[in-house]
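Participant:
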Amino acid sequence: MLDYLPEKELFKLIANGDEVAFAALFKSYAPKLHAFLFSRTHNDSNAEELVQQTFIRIWMNREKLGDIDNPNAWIYKVAANECYKMIRSQMVAEKAMTVVANKSTEVNELENPGEQLHYKELENNLQAAINALPEQRKNVYILNRQHGMNTAEIAKALNISPKTAKNTLAASLKSIRAFLYSKYDYLFIVILLKSIK
């Protein structure tokens, strides 16, 4: 029944904590948002995670929903912002992993002893994250990051399909990013990387 209410009415109900209205909004928007986010991330699991994060953000800000004039545009703006945050954090984590894995900067080249300590800690935590990976993910990651092999070369070396190599690398990177973000604040990694140059 709520499926047919105008979005502004749904927003007013949700603003008052109506979980049935929230479920109706989710049912209406989740598939469209998934397609929208997949078109930006090209990754099904990231798109699904972003849909969930978008609705968490909507629910957390529900008291403001009654004042929204264009619910459709607002929902897509929230989704786009969540997508931007994910892509930005992934880029920072990728850079951290690349810098540490390639050891492009020797720790003793850093001027500040505190930076040296933080970099060494980041390096140790990255190694711990790599060591915690299942064997195949670990091998794929090492071949890619430390030996510079692409997924086709990895597939050939490990006798697996290129698609398996690609998916395994993506899963490895996701696990390592999650591990690093459980240990560090996003801003800390950004500041450390800027000091490394």
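Here the sequence shown stands for residues 1 to 197, numbered as in UniProt numbering. The C-beta atom is built at its ideal place from N, Cα and C for all residues, glycine as well.
Let's test the definition: count the other Cβ atoms within 10 Å of the Cβ of N81 and tell me whether it reaches 16, buried, or not, exposed.
Facilitator: Walking along the sequence shown from the start, residue 81 turns up at place 81. Exposed, since its Cβ has fewer than 16 Cβ neighbours within 10 Å.
Participant: Taking all protein chains shown into account, do 16 or more other C-beta atoms lie within 10 angstroms of the C-beta of A51, making it buried, or fewer, making it exposed?
Facilitator: Position 51 of the sequence shown, counted from the first residue, corresponds to residue 51. Going by the sequence as given, residue 51 is Val instead of Ala. With 16 or more Cβ atoms within 10 Å of its Cβ, V51 is classed as buried.
Participant: With DSSP collapsed to three states, give me the class of I160.
Facilitator: Position 160 of the sequence shown holds residue 160. DSSP, read as helix, strand or coil, puts I160 in coil.
Participant: Determine the burial state of I176: buried for a count of at least 16 other Cβ atoms within 10 Å of its Cβ, exposed for fewer.
Facilitator: In the sequence shown, the residue the question calls residue 176 occupies position 176. Burial call: buried.
Participant: Report the start-end ranges of each alpha helix (DSSP H) in the UniProt domain "RNA polymerase sigma-70 region 2" (25 to 90) that is 4 residues or longer and not cut off at the edges.
Facilitator: 44 to 60
Participant: Output yes or no for whether 7 Å exceeds the beta carbon distance between A15 and E63.
Facilitator: Within the sequence shown, numbered from 1, the residue matching residue 15 stands at position 15. Within the sequence shown, numbered from 1, the residue matching residue 63 stands at position 63. Cβ distance < 7 Å, so A15 and E63 count as in contact.
Participant: Just to confirm before moving on: does the CB-CB distance between N125 and K174 stay below 7 Å?
Facilitator: Walking along the sequence shown from the start, residue 125 turns up at place 125. Walking along the sequence shown from the start, residue 174 turns up at place 174. Not closer than 7 Å, so no.
Participant: Skipping 5 residues on each side, what residues in its chain have a beta carbon closer than 6 Å to that of F38?
Facilitator: The residue labelled residue 38 in the question sits at position 38 within the sequence shown. Only A47 meet the Cβ criterion.
Participant: Just checking my contact of G66 with F26 at CB under 8 Å: how many whole Å lie between their CB atoms?
Facilitator: One-based indexing of the sequence shown puts residue 66 at position 66. One-based indexing of the sequence shown puts residue 26 at position 26. Incorrect: roughly 18 Å between the Cβ atoms, too far for contact.
Participant: Please report the straight-line C-alpha distance between S104 and F179, rounded to a whole angstrom.
Facilitator: The residue given as residue 104 occupies position 104 in the sequence shown. The residue given as residue 179 occupies position 179 in the sequence shown. For S104, the pLDDT reaches just 48, beneath the cut-off of 50, and the residue's location in the model is therefore unreliable, although a value from the coordinates is still provided. Straight-line Cα distance between these residues: approximately 22 Å.
Participant: Could you tell me if V20 is buried or exposed, where buried requires 16 or more neighbouring beta carbons within 10 angstroms of its beta carbon?
Facilitator: For this step, residue 20 is matched to residue 20 along the sequence shown. The residue in question, V20, is exposed, as its Cβ has fewer than 16 Cβ neighbours within 10 Å.
Participant: Inspect the beta-carbon positions of R137 and A171 and report whether they are closer than 7 Å.
Facilitator: On the sequence shown, residue 137 is found 137 positions in, with the first residue counted as 1. On the sequence shown, residue 171 is found 171 positions in, with the first residue counted as 1. For R137 and A171, yes; Cβs fall inside 7 Å.
Participant: Can you tell me whether DSSP reads Q127 as helix, strand or coil?
Facilitator: Taking the sequence shown and counting its residues from 1, the one referred to as residue 127 is at position 127. If DSSP states are grouped into helix, strand and coil, Q127 belongs with the helices.
Participant: Reducing DSSP to helix, strand and coil, say where L143 ends up.
Facilitator: The residue given as residue 143 occupies position 143 in the sequence shown. In this structure, DSSP gives L143 a helical state, which the three-state scheme calls helix.
Participant: Leaving out five residues on either side along the sequence, give the residues of the same chain with a beta carbon under 8 Å from the beta carbon of Y166.
Facilitator: Position 166 of the sequence shown, counting from 1, holds the residue named residue 166. According to the sequence displayed, residue 166 carries Lys and not Tyr. Once the five neighbours on either side are set aside, the close Cβ partners of K166 are T151.
Participant: Roughly how many angstroms separate the alpha carbons of M91 and Y29, rounded to a whole number?
Facilitator: By one-based count along the sequence shown, residue 91 stands at place 91. By one-based count along the sequence shown, residue 29 stands at place 29. Taking the straight line from one Cα to the other gives about 28 Å.
Participant: Between L122, I68, L133 and F22, which has its C-alpha nearest I56's C-alpha?
Facilitator: By one-based count along the sequence shown, residue 56 stands at place 56. The candidate whose alpha carbon is nearest that of I56 is F22.
Participant: Rounded to whole angstroms, what is the Cα-Cα separation between G148 and H34?
Facilitator: One-based indexing of the sequence shown puts residue 148 at position 148. One-based indexing of the sequence shown puts residue 34 at position 34. Approximately 33 Å between the Cα atoms of the pair.
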